[in-house]
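S.K.:
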Amino acid sequence: MDITLTKEADSLRSTALAFAQHALTHDRIRALEGSDGGFEPDVWRDMATMGWSGCVFPLEMGGAGLGLFELALIVEACGQAALPSPMFASVVEAGMLLLESGVERHRAAWVPRIAAGDAILTTAVFEPGNAELETVATTATPLPGGYRIDGTKTFVRDAATARAIVTLARCPDSPDGLALLLVPSGLRGVRRQRLSSSGGEALWEVAFDGVSVPATALVTEPGQALAALDRLLARGACLKAAELVGIGQAALDLTVAYAKTRVQFERPLGSFQAVQHHCATMYRDLRVCRLLMWEAAARLAAGQPAQREVAMAKAKTSDAIPALTRTAHQIHGAIAYYRDYPLELYYTRAVAAAAAYGNATYHRRALAHLLAHDLDTFRGDIHHGLPVRPR
Amino acid sequence: MDFDLTADEHAFRDEVCAFLTAELTEAVWRTERDPDEQGQWRREFTKAFRRKLGAAGYIGMGWPAAYGGGGKSRVYQTIFAEEMEYHRAPGLDRSITYVPNALLAFGTDAQKAEFLPRIARGELSWFVGYSEPEAGSDLANLKARAVPDGSDFVVTGQKAFSSEAHMAEYCWLAARTGPVSPKHRGISMFIVDMQSPGIRIDRYPTLAGWTHHAVYFDAVRVPDAHLVGEIDRGWSVIMGAIDFERAALAAPGLVAFQLDRLLAHAREQGRLDDPVLGDQLARLATEAEGARLMSYWIASLHAHGEMPQFETSMAVLCKRETARLFDAAGLEMLGAFAPLRAGSPGACFDGDIEAEYRDHLYFQFAAGGFDITRNVIAHRGLGLPR
Ligand SMILES: Cc1cc2nc3c(=O)[nH]c(=O)nc-3n(C[C@H](O)[C@H](O)[C@H](O)COP(=O)(O)OP(=O)(O)OC[C@H]3O[C@@H](n4cnc5c(N)ncnc54)[C@H](O)[C@@H]3O)c2cc1C
Chain A
29 MDITLTKEAD SLRSTALAFA QHALTHDRIR ALEGSDGGFE PDVWRDMATM GWSGCVFPLE
89 MGGAGLGLFE LALIVEACGQ AALPSPMFAS VVEAGMLLLE SGVERHRAAW VPRIAAGDAI
149 LTTAVFEPGN AELETVATTA TPLPGGYRID GTKTFVRDAA TARAIVTLAR CPDSPDGLAL
209 LLVPSGLRGV RRQRLSSSGG EALWEVAFDG VSVPATALVT EPGQALAALD RLLARGACLK
269 AAELVGIGQA ALDLTVAYAK TRVQFERPLG SFQAVQHHCA TMYRDLRVCR LLMWEAAARL
329 AAGQPAQREV AMAKAKTSDA IPALTRTAHQ IHGAIAYYRD YPLELYYTRA VAAAAAYGNA
389 TYHRRALAHL LAHDLDTFRG DIHHGLPVRP R
Chain B
23 MDFDLTADEH AFRDEVCAFL TAELTEAVWR TERDPDEQGQ WRREFTKAFR RKLGAAGYIG
83 MGWPAAYGGG GKSRVYQTIF AEEMEYHRAP GLDRSITYVP NALLAFGTDA QKAEFLPRIA
143 RGELSWFVGY SEPEAGSDLA NLKARAVPDG SDFVVTGQKA FSSEAHMAEY CWLAARTGPV
203 SPKHRGISMF IVDMQSPGIR IDRYPTLAGW THHAVYFDAV RVPDAHLVGE IDRGWSVIMG
263 AIDFERAALA APGLVAFQLD RLLAHAREQG RLDDPVLGDQ LARLATEAEG ARLMSYWIAS
323 LHAHGEMPQF ETSMAVLCKR ETARLFDAAG LEMLGAFAPL RAGSPGACFD GDIEAEYRDH
383 LYFQFAAGGF DITRNVIAHR GLGLPR
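Same order as they appear, the protein sequences are chains A and B. When we follow my numbering, the leftmost residue of the first sequence carries the number 29, and every step to the right adds one. When we follow my numbering, the leftmost residue of the second sequence carries the number 23, and every step to the right adds one.
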């Protein structure tokens, strides 16, 4: 047991943060919010040059050979800087999916380009009216030599800049009833509409209307789509938790700095105990969130079962970080109610990140499911039997 | 970064668990709990048990071998503390946690040689003489005096809220040796033999059903050799010792036990699939995991040779606030049976949950309660102005 960052991880985090915090002005970040692309291509190029887009991919595919834990630190840094980029869509979602579960032709074709930042890919998984994925309505109907895709997906990140969309559909051909298909975004019948959403991501609804793709569009081996999807959902939840930790850190830093300098009643606000106690609670909650996120990321990175830890991390961060940003605003008062003060960037991004990949209720329901059906997993690494003591 | 116990740490945990399970049998629970002191083990049993812990090598695992220690990392101490709390075993208190750690950090070589081996063998019980009637949170307001006289100091004054003073061989005492102002200057730390003439102990029953003490010192002679640290510089010793204290109090075994007890109850009642309860238990389990990670994070920092300060406050706050969540949630889960006490028909867990609801009340204000701890985090952790 050693819950400290290694020197390398710590320096990766500070380098990433130093870059992310100086990459764009707050005005530029605001201007990007609503645009089709959603990010600054030059900055993405720099991020690729620094090796971020490639960090989790193997050396022989042009990556840096690091793991999911390091990726989480980078995502956290981007969250802390409110820096928009296709990192989540292209690396966390599509890139890692192809790396872990992709058939060789797609892996070989796309992963090196994703790693180099030359191509952006994304995933289309969630569906309107069914964002928690109880069922999948989109279909891939077998045709001679290929499939026809029909259905509508939502919360598709960076659809305007993505070359291709890894799309989840029901498929009668497949042993698990599901297929992931690689759909070039320019194909006929693919239509997209920008969602207007809180936060900084370029999110889209994408409709597939009789889109035909060849049989080689299948991304995974038959019967492997569900497992790939489970890993994607776990990874997405864990890395949204990492983003939330970054958001929380930024909101706390702004608040503490403000409390030290804003003077009312001839004293800095931060000398008032009510303010101090708010800040202490924020700090404590943030630390708990960070530890839970680290644990989930470390387990996922090591390929260990992490259902419980991911659910705990996302449930806690999705509750605590938006709450932290509310308190941050309380301590700032009116000044941060205006758009030109940076705190609102975090207030809105906390809402979006908390809602993505399962909110707090969703993940507590997952924990409650473990409680009812798999008590050992719910309890975690505890070796004692139940019950514990004589009555 | 590694969230798993190593094979060796795992084996150690299993060993401690097996030891405690074998020692604290149902028969022992029946006979060795003190019927007059709610939630406490009998005094003699506690002392004997502490000697067993010493013989098993569990005390001072992290100290240098020269002082009877085992030279193991702090992670082992945290595993040990977690198991002890989980099993609700006797003897895990200041006597084997922060007093020896403070002695190691601040004591003279002679003091270490005199006390640490005996502490490691589990032979000594300590009480901590900080608080006084007028010096609670504002500890620097303490008034007990130690006046130099030949090769001794002569101590006169009153200590309050003195846990386990009645069974202590020694007192870890804060007394004023210098000027009253500034308050933090002029305090010194002493080790006082509780057999010394001039010491009187009063008893006060607590609302938790056990007895607390107040200790009066009337011209008690303490040899120079038992001054810890420099004269008039005791405040920094106290502050250092308090960080060790908080690290010890942050052990996560209590909340793990509280969670498991509620899980056992829910399973017995066939309510593991109750969605409302499921949501509550999911929240509680998440908080318990957070408290566990906090505690092992502190242990990891210690193991790397760092000296966490406000971080220990954060950890103890997290653990104790979580424990209080469990206290309230436990009563809620028992429904109408919640208030029933030990021995009553219908009492669940022998009334323990209601008893702990009273007992743990002190978490909120004693030894760096919730508000004082937030002050510490704000000042020392975030640098907010006083
Ligand atoms: C069960 C138990 C065991 C104890 N064991 C020992 C022991 O072994 N040795 C020993 O020396 N002492 C012991 N104590 C004493 C303990 O350390 C004190 O209770 C503690 O220091 C607080 O002092 P007080 O109770 O006098 O409260 P006060 O200082 O009078 O404070 C009352 C309340 O006001 C709050 N408060 C005070 N000042 C501030 C402030 N500046 N900002 C915000 N809130 C504030 C406190 O948090 C508390 O909630 C024990 C106490 C208990 C209950």
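For glycine and all other residues, C-beta sits at the position ideal for the given N, C-alpha and C. Remember, predicted model here, so these are calculated numbers, not experimental data.
What does DSSP give as the partner residues of A/Q221 in its beta bridges?
M.R.: Looking at the DSSP assignment, A/Q221 forms a beta bridge with A/E233.
S.K.: Suppose you measure from the CA of B/V38 to the CA of A/A165; what does that come to, to the nearest Å?
M.R.: One C-alpha to the other measures close to 53 Å.
S.K.: Pick from B/L404, B/L353, B/A310: whose alpha carbon is nearest that of A/D409?
M.R.: Among B/L404, B/L353, B/A310, the Cα nearest to that of A/D409 belongs to B/A310.
S.K.: Please list the partners that A/G298 has in chain B, where partner means a Cβ-to-Cβ separation under 9 Å.
M.R.: Chain B residues near A/G298: A400, L404, G405, L406, P407.
S.K.: For the beta strand (DSSP E) that A/T167 lies in, which residues bound it at each end?
M.R.: Element bounds for A/T167: 167–171.
S.K.: I want to check one thing, is the minimum distance from the CB of B/F149 to the heavy atoms of ligand 1 below 7 Å?
M.R.: Yes, the beta carbon of B/F149 sits closer than 7 Å to at least one heavy atom of ligand 1.
S.K.: Got a sec? Which residues, its chain only, sit under 6 Å from A/D64 by beta carbon, not counting five neighbours each side?
M.R.: Once the five neighbours on either side are set aside, the close Cβ partners of A/D64 are A188.
S.K.: Can you tell which of B/F266, B/A337, B/F128, B/H206 has its C-alpha closest to the C-alpha of B/A272?
M.R.: Nearest C-alpha to B/A272: B/A337.
S.K.: Does the Cβ of A/T53 have 16 or more other Cβ atoms within 10 Å, making it buried, or fewer, making it exposed?
M.R.: Counting Cβ neighbours within 10 Å, A/T53 comes out exposed, since fewer than 16 surround it.
S.K.: Distance cutoff 8 Å, beta carbons only. Does B/V277 sit that close to anything in chain A?
M.R.: No, no contact with chain A.
S.K.: Are the C-beta atoms of A/V239 and some chain B residue less than 8 Å apart?
M.R.: Not one chain B Cβ lies under 8 Å of A/V239.
S.K.: Out of B/R283, B/G220, B/I375, which one is the CA nearest neighbour of B/L362?
M.R.: When each option's Cα is compared against that of B/L362, the closest is B/I375.
S.K.: Please tell me whether A/M89 has its Cβ less than 8 Å away from any Cβ of chain B.
M.R.: Not an interface residue.
S.K.: Quick check on the DSSP output: what are the complete alpha helix (DSSP H) runs of length 4 or more inside the stretch 82–123 of chain A, in order along the chain?
M.R.: Correct list: 96–109.
S.K.: Excluding the five sequence neighbours on either side, which residues of its own chain have a C-beta within less than 7 Å of the C-beta of B/I381, listed in chain order?
M.R.: As written in the sequence, residue 381 of chain B is Asp, which differs from the Ile given in the question. For B/D381, where only same-chain residues beyond five positions count, the Cβ hits under 7 Å are G61, A230.
S.K.: Mark A/A396 as exposed unless 16 or more other C-beta atoms lie within 10 angstroms of its C-beta, in which case mark it buried.
M.R.: A/A396 is buried by the Cβ-count criterion.
S.K.: The stretch 217–251 of chain A: which residues have C-beta closer than 8 Å to a C-beta of chain B, in chain order?
M.R.: So the list is empty, because no residue satisfies the distance condition.
S.K.: I think B/D2 touches B/P245, with their Cβ atoms under 8 Å apart; what is that distance to the nearest whole Å?
M.R.: One cannot answer for residue 2 of chain B here, as it falls past the ends of chain B, which runs 23 to 408.
S.K.: Going straight from the alpha carbon of A/A400 to that of B/Q302, what length do you get?
M.R.: Computed Cα separation, rounded: 13 Å.
S.K.: Any chance the CB of B/D349 is under 7 Å from a heavy atom of ligand 1?
M.R.: No, Cβ of B/D349 sits at least 7 Å from all heavy atoms of ligand 1.
S.K.: Classify A/R417 as helix, strand or coil using the three-state DSSP reduction.
M.R.: Only weak support exists for where A/R417 lies, its pLDDT of 49 falling under 50; the value from the coordinates is given anyway. Of the three classes helix, strand and coil, the one that applies to A/R417 here is coil, per DSSP.
S.K.: Closer than 8 Å by beta-carbon distance: list the chain B residues that pair up with A/K288, in chain order.
M.R.: Those within 8 Å of A/K288 in chain B are G405, L406, P407.
S.K.: How would you write the range of the beta strand (DSSP E) that B/M211 sits in, first residue to last?
M.R.: It spans 209–215 - the beta strand (DSSP E) in which B/M211 sits, taken as one unbroken run.
S.K.: Verify the contact flag: A/Q301, CB atom, against every heavy atom of ligand 1, threshold strictly below 7 Å.
M.R.: Yes; taking the cut-off as 7 Å, the Cβ of A/Q301 has a heavy atom of ligand 1 nearer than that.
S.K.: List the residues of chain B that A/R263 touches, going by C-beta distances under 7 Å, in chain order.
M.R.: Result: empty, since nearest Cβ-Cβ is about 17 Å, beyond 7 Å.
S.K.: Assign B/G84 to buried or exposed, taking buried as 16 or more other Cβ atoms, counted over all protein chains shown, within 10 Å of its Cβ.
M.R.: B/G84 comes out buried.
S.K.: Would you call the stretch 322–332 of chain A and the stretch 83–103 of chain A touching, i.e. three or more CB-CB distances under 8 Å?
M.R.: Taking 8 Å as the limit for Cβ pairs, the verdict is that the stretch 83–103 of chain A does touch the stretch 322–332 of chain A.
S.K.: Count the other CB atoms within 10 Å of the CB of B/R305; is the residue buried (16 or more) or exposed (fewer)?
M.R.: So B/R305 ends up on the buried side.
S.K.: For A/Y311, decide whether its Cβ has a neighbour in chain B, counting only Cβ atoms nearer than 8 Å.
M.R.: Closer than 8 Å: yes.
S.K.: Whole angstroms are fine: how far does the CA of A/G227 sit from the CA of A/V303?
M.R.: Between A/V303 and A/G227, the C-alpha separation is close to 27 Å.
S.K.: So B/S322 contacts chain A; which residues on that side make the cut at Cβ distance below 8 Å?
M.R.: Correct list: M29, D30, I31, T32.
S.K.: B/D282 CB to nearest chain A CB: under 8 Å?
M.R.: For B/D282, the answer is yes, since a Cβ of chain A falls inside 8 Å of its Cβ.
S.K.: So, A/K268 versus A/Y366, is the Cβ gap smaller than 8 Å?
M.R.: Taking 8 Å as the Cβ cut-off, A/K268 and A/Y366 do not qualify as a contacting pair.
S.K.: Of all the CB atoms in chain A, is at least one closer than 8 Å to the CB of B/L356?
M.R.: Chain A, which has no Cβ nearer than 8 Å to the Cβ of B/L356, makes this no.
S.K.: Taking only heavy atoms of ligand 3 into account, decide whether any of them is closer than 7 Å to the Cβ of B/D254.
M.R.: Because ligand 3 does not appear in the structure shown, any question about it cannot be addressed here, the ligands present being ligand 1.
S.K.: Could you please give me the residues that DSSP links to A/A207 through a beta bridge?
M.R.: Paired residue(s): A/A197.
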